[in-house]
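Okay, structure first, notes after.
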Amino acid sequence: MKVELNVNPIESWAKTKHKPLLIAGPCSAETPEQLFATAKLLKELGKVDVLRAGIWKPRTRPNSFEGSGEEGLKWLSDVKKELNIPIGTEVANPQHIELALKYDVDVLWVGARTTVSPFAVQEMADALQGTDKAVLVKNPTHPELGLWVGAFERFYRAGIRNLAAIHRGFSTIDKAKYRNVPTWVIPIELKRIAPQIPIICDPSHIGGKRDLIFEISQKAMDLGFDGLMIETHIDPDKAWSDADQQVTPARLGEILTELKVRDENSASRDFNDHLAELREKIDNIDRELLEILATRMAVVEKIGEYKRDNNVTTLQVSRWDEIMKNRSEMGKKLGLNDEFIQEVFKLVHEESIRKQTEIMKAVESKA
Ligand code: PEP
Ligand code: MN
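As numbered in our numbering, residues 54 to 420 make up the sequence shown, in order.
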């Protein structure tokens, strides 16, 4: 799949000259004082491109703080005028959009819980037709790339060209480390099929804990993401929503100083020559890998025929167990990541079983 969306580069609407684009501010606008105090310190950092603040909060269960609504928008627009900083908030329906336009919010984002609904996204795209607002689309709560792409297509068809993606991780039952697991392959795949769409990482909602924000942000920079959205609060522990994952503006400043921002390409000739040499090595190694896989599959085919002729099942659980244990040990000795090796051999085994089943079937249908 390739997605041809001619979206504008981030610098054209965010007017930022540096990378990454930085969106920071509280999870929610709570009071005018909290919003202004946070925004003032963020402005002083000199690195924040857009002030974020949630106005309508999609809380999982009722009876939690659900946002300050239109009143909060007024505070947000006052801060915009007073500090001369672009503002952004989450919208989830046409009424939110109407109000956000009324208060001249610069950047609108679609939350993860809304991206999952094509009806809601279409209604919002219709409401935005004819505006030049920037629209950022968070990934849907579950790792389905099609829904994410579909949302971009709906806004694009409505004439929105200032578009970007926000990667905020995916829900899982297993909450061991992250609040929302990053599953980086999904945003990487988005980048591959739609390279024009800028990607912003939201380490706050991925991590769920402030201690994880730096490492997730660094990973996003290592992957060449275009921006970061980081929840920042004047007094994080007292935040009315997402208290555990917010940082102070001062801590945000430290994170930004420590962050290594990488370029996708380098102009250095030496660098490019050496990289080309290393890539040639990789190309050759990959060819050998494929040849070895083909050789392995040829042996699998022989085994399949042998089992068939002797009326033996394709799957022998004990042999499979032995392979997994042994390959995992070998891999560890070679310094390879065990999880990776287990995945590789699971796939190799699956393919071997498929191949042998095909051999058995071929004979059955001949019989
Ligand atoms: C948010 O940004 O505050 C938010 C609710 O995010 P998400 O849609 O990623 O849960
Ligand atoms: Mn939040």
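In this text, a Cβ means the ideal position worked out from N, Cα and C, and glycines have one as well.
Just so you know, these numbers come straight off a predicted model, no measurement behind them.
Member of the options whose CA lies at the smallest distance from the CA of residue i
i: Ile259; options: Pro235, Arg245, Glu411, Ile250; result: Pro235
i: Met282; options: Ser270, Phe205, Ile345; result: Ser270
i: Met377; options: Phe398, Thr366, Leu387; result: Phe398
i: His195; options: Thr310, Arg210, Asn61, Ile226; result: Ile226
i: Ile150; options: Leu216, Leu181, Asn61, Pro193; result: Leu181
i: Tyr359; options: Glu284, Lys313, Gln409; result: Gln409
i: Lys127; options: Tyr156, Trp109, Ile140, Gly99; result: Tyr156
i: Asn379; options: Arg221, Ser224, Asp185, Ile394; result: Ile394
i: Gln148; options: Ile108, Asp374, Arg349; result: Ile108
i: Leu243; options: Leu276, Arg322, Asp159; result: Leu276
i: Val101; options: Thr285, Gly212, Gly203, Ala211; result: Thr285
i: Glu176; options: Ala211, Ser130, Asp159, Ala187; result: Ala211
i: Arg166; options: Gly222, Phe208, Asn116; result: Gly222
i: Glu124; options: Ala106, Pro115, Gln369, Leu312; result: Ala106
i: Ile412; options: Glu392, Val352, Leu389; result: Val352
i: Met54; options: Val401, Ala229, Arg245, Lys191; result: Arg245
i: Asn364; options: Ala229, Lys414, Asp339; result: Lys414
i: Glu143; options: Ile252, Asp362, Asp159, Asp326; result: Asp159
i: Lys186; options: Arg207, Glu197, Leu216; result: Leu216
i: Pro171; options: His402, Ile241, Val202; result: Val202
i: Lys191; options: Ser257, Leu152, Ala229; result: Ser257
i: Leu343; options: Asp290, Val401, Glu354, Asp391; result: Val401
i: Asp295; options: Arg232, Arg407, Val174; result: Arg232
i: Ala229; options: Leu265, Tyr209, Ile241; result: Leu265
i: Ile267; options: Thr310, Ile338, Arg207, Asp290; result: Inspection of the sequence shows that residue 267 is occupied by Phe rather than by Ile. The candidate whose alpha carbon is nearest that of Phe267 is Thr310.
heavy atom of ligand 3 below 7 Å from residue i C-beta
i: Ala165; result: With respect to ligand 3, the structure shown offers nothing to examine, as its ligands consist of ligand 1 and ligand 2.
Proximity of residue i and residue j at Cβ, strictly below 8 Å
i: Gln298; j: Gly357; result: no
i: Phe118; j: Trp237; result: no
i: Leu104; j: Ile138; result: yes
i: Leu58; j: Ala247; result: yes
i: Val164; j: Pro85; result: In the sequence as presented, Val is not what sits at residue 164; that position holds Gly. Contact flag unset, no.
i: Ile250; j: Phe278; result: no
i: Asp255; j: Ile219; result: yes
i: Ala145; j: Ser121; result: no
i: Leu136; j: Lys96; result: yes
i: Val132; j: Leu88; result: yes
i: Pro73; j: Val300; result: no
i: Thr184; j: Leu154; result: yes
i: Leu198; j: Ile239; result: yes
i: Arg372; j: Val416; result: no
i: Met274; j: Leu312; result: yes
i: Val370; j: Arg214; result: no
Reduced DSSP secondary structure (H/G/I, E/B, other) of residue i
i: Ile252; result: strand
i: Ala173; result: helix
i: Lys191; result: strand
i: Ser121; result: coil
i: Ser81; result: strand
i: Trp162; result: strand
i: Phe278; result: coil
i: Val101; result: coil
i: His3; result: Shown here, the chain extends from 54 to 420; a query on residue 3 therefore has no answer.
i: Ile394; result: helix
i: Ile140; result: strand
i: Gly212; result: coil
i: Gly107; result: strand
i: Ala217; result: strand
i: Val314; result: coil
i: Val234; result: strand
i: Val60; result: coil
i: Val365; result: coil
i: Gln409; result: helix
i: Ala320; result: coil
i: Gly388; result: coil
i: Arg332; result: helix
i: Met377; result: helix
Counterpart residues of residue i in DSSP-defined beta bridges
i: Ile283; result: Ala77
i: Phe223; result: Val234
i: Val300; result: Thr285
C-beta neighbour in chain D for residue i, strict 8 Å
i: Lys228; result: Checking the listed chains, one finds no chain D in this structure; it contains a single protein chain.
(request) Check whether the stretch 71-79 touches the stretch 304-316, taking contact to mean three or more Cβ pairs, one atom from each stretch, closer than 8 Å. (result) yes
(message) Would the stretch 326-333 count as touching the stretch 372-387 if we require 3 or more Cβ pairs under 8 Å?
(response) no
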